[in-house]
Amino acid sequence: MNSMKNGAHVAAVITVALLGVPDVASSEVTPQHANVHPDNTIDILDLLQIVGSMHEYCECPEDVNGDGQVNVTDIRQVIMFWGQTVDPIEPETDDGASEIPDVDQHAETVYAGPDPVLLDGIYYDALSRNRNRAELGIELEQGWRTRAHNREYGIDVLPYAYGGGVDYNADMTYSATDLQRFEDWLDEHVPNGYTDPVVLDMEGEWWVRMSNATESEMAEIIDFYIQGLEYAEALRPNAKFGYWGLPKKHMTVDHYTGPSMARLLQASGAIFPDTYETNPGRDDSTRLKKHVERCIELVRGEVPVYTQMFPRHRNAETRQWCYYFDDDEFLRDQARASLDARWVDARGRTHRVAGIAVWDYYNYVRLYHDDWHDLSNREISALWNEIDARHVELYGALRRLVSEYAVAGDAVADGAKPVARELPARPKRFAQRRPAQKLQKAQSVKRTVRTTSSSGRGTRGKTR
């Protein structure tokens, strides 16, 4: 009976695909994309795997055309290549690591750089631009257990410049107001002499466009992003600036043929690829580990990689990020996969991630409670305390996991670890300050590439 139902489901979806989608495969989709099931033939197994993930938002094999959602369009792409045999994809080589060094295979691994670190990337309301949110978070000591735990164990806060980074409102313009606000944000969160990573969260109108950009469009986008990097680095020359979520996961698969992001990645002080996924109950560790390894390779191990992890997944019906992964699944698929990622350069040195960070969003509680404004402070604290307790447990497990990957080699002495920083008792943004002098090289620039607004499918978008 179940097989009949499954067959009917597949037949119905295929019928919709045949009737509702133009009879042509996307020019960017190849037979390798359509080979969703890991074999060498495009057949019913590929369709069944897509049907099992229908209507999910993910950067996953089932999203054949890479538009961020598994739907009938992906089924149609598979049908266009139906019955074809797909040759195995040969590993890519490059000039920097095309040959395996002639070394003793039993020799001790030589690691480049220090051991991976654990960072606190949680978006506490105290960090919000919204004054009411920030003040309530501070008043009720939101996340105090996690922050105390992380201070005790030297887990530093990872600063995020939300909204657009240097382009403060993500409108594809570096206006004088944007530059002043970004400078104010730096003064509050990133002290002079700071030498650690800083995330620029630029998910504006170009975020979706990146996935389908032409070479010329991507070049223009990268130029704009690099200009923001240069402005930030001029203000804090020792900090390691980079953009959240780049490269995207579909840009690191073997069959990706779109424009390269290598120029932007290699110009960054650090990169922050994400391992977000929404496939509860499935093992995504191999796919995400390969993504992280490819990120390390793209920067040739010369730019530190800080993986951005997310412990939530969607409600399949409401599409809200209201569920947490089981801790064991999260640790396997995102944390351990990131820490296991390796890339060996031409000199035989093994490169790993520089660190991992958990990002979570307290404001989901507000967004998902229609009665939020009717709740008392005691009730709000109770909701926040549930999240706080989960974060403490998660960071404890992550701290133990990260310690397993410490090799304590000479490279660890490359730089001293700074003292863990606390959140401000009261954000400085509420104080009156005189505008600072602007850098001459950072001028207001309006780019010509236009597109539709971001859907925010990466969990972030317009939720700041």
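In short: position in the sequence shown from 1, add 9, done, that's this note's numbering.
From the three backbone atoms N, C-alpha and C, an ideal C-beta is built for every residue, glycine too.
On a predicted model such as this, the values are computed, not experimentally measured, just so you know.
_Within the continuous alpha helix (DSSP H) that includes Q86, where are the two ends?_
In the sequence shown, the residue the question calls residue 86 occupies position 77. Residues 81-89.
_V38 versus L274, H264, R309, S294, residue with shortest Cα-Cα distance_ = Position 29 of the sequence shown, counting from 1, holds the residue named residue 38. Per the Cα distances, H264.
*Below 7 Å CB to CB, which residues in the same chain sit around N247 once its five sequence neighbours on both sides are set aside?*
Taking the sequence shown and counting its residues from 1, one reaches residue 247 at position 238. Cβ within range, chain order: G202, Y203, T204.
*Do you know offhand how far H334's Cα is from R361's?*
Mapped onto the sequence shown, residue 334 falls at position 325. Mapped onto the sequence shown, residue 361 falls at position 352. The amino acid at residue 334 is misidentified as His; the sequence shows Phe. Straight-line Cα distance between these residues: approximately 25 Å.
*Indicate whether R399 and V119 have their beta-carbon atoms separated by less than 8 Å.*
Here residue 399 refers to the residue found at position 390 of the sequence shown. Here residue 119 refers to the residue found at position 110 of the sequence shown. Taking 8 Å as the Cβ cut-off, R399 and V119 do not qualify as a contacting pair.
*asked:* Bridge partners for A366 per DSSP, in chain order?
replied: Taking the sequence shown and counting its residues from 1, the one referred to as residue 366 is at position 357. According to DSSP, A366 bridges with L128, Q317.
*Should L403 and V367 be called a contact, given that it needs their Cβ atoms to be closer than 8 Å?*
Within the sequence shown, numbered from 1, the residue matching residue 403 stands at position 394. Within the sequence shown, numbered from 1, the residue matching residue 367 stands at position 358. With contacts defined as CB atoms closer than 8 Å, L403 and V367 qualify as a contacting pair.
*asked:* Just to confirm my understanding: we take A415, look at its own chain, exclude 5 residues before and 5 after, and list those with CB closer than 7 Å. What are they?
replied: Against the sequence shown, residue 415 aligns to sequence position 406. Excluding residues within five positions, the ones whose Cβ falls inside 7 Å are D124.
_For G152 and D397, I'd like the C-alpha separation in whole angstroms._
Indexing the sequence shown from 1 puts residue 152 at position 143. Indexing the sequence shown from 1 puts residue 397 at position 388. Cα to Cα, the separation comes out at about 5 Å.
*asked:* So, with DSSP's three-state summary, where would you put T359?
replied: One-based indexing of the sequence shown puts residue 359 at position 350. If DSSP states are grouped into helix, strand and coil, T359 belongs with the strands.
*Looking only at its own chain, which residues have a Cβ that is under 6 Å from the Cβ of V428, when we skip the five neighbours before and after it?*
Walking along the sequence shown from the start, residue 428 turns up at place 419. A caution first: V428 carries a pLDDT of 41, below 50, which makes its placement in the model too unreliable to give a value.
*Under 8 Å, do M63 and V79 count as touching if we go by C-beta distance?*
The residue you call residue 63 lines up with position 54 of the sequence shown. The residue you call residue 79 lines up with position 70 of the sequence shown. For M63 and V79, yes; Cβs fall inside 8 Å.
*In chain order, what residues of the same chain lie with their CB nearer than 8 Å to the CB of L149, ignoring the 5 residues before and after it?*
Along the sequence shown, one-based indexing puts residue 149 at 140. Taken in chain order, the residues that qualify are N386, I389, S390, W393.
*Shortest alpha-carbon distance to F233 belongs to which of V175, D383, W330, R154?*
The residue you call residue 233 lines up with position 224 of the sequence shown. Per the Cα distances, V175.
*Three CB pairs or more closer than 8 Å across the segment 237-254 and the segment 293-306*: no
*C-alpha gap between G105 and T186, whole angstroms*: Here residue 105 refers to the residue found at position 96 of the sequence shown. Here residue 186 refers to the residue found at position 177 of the sequence shown. Since pLDDT at G105 reaches only 46, below the 50 mark, its modelled position is unreliable, and the value read off the structure follows with that caveat. Whole-angstrom Cα-Cα distance: 42 Å.
*For W253, write down the residues that DSSP places opposite it in a beta bridge.*
Position 244 of the sequence shown, counted from the start, is the residue given in the question as residue 253. F281, per the DSSP bridge assignment.
*For W194, I'd like the list of residues in its chain whose CB is within less than 7 Å of its CB, leaving aside the five on either flank, ordered along the chain.*
Here residue 194 refers to the residue found at position 185 when the sequence shown is read from its first residue. Contacts found: A170.
*Which ranges would you report for the alpha helix (DSSP H) in the segment 128-211 if only whole runs of at least 4 residues count?*
140-148, 153-161, 185-198
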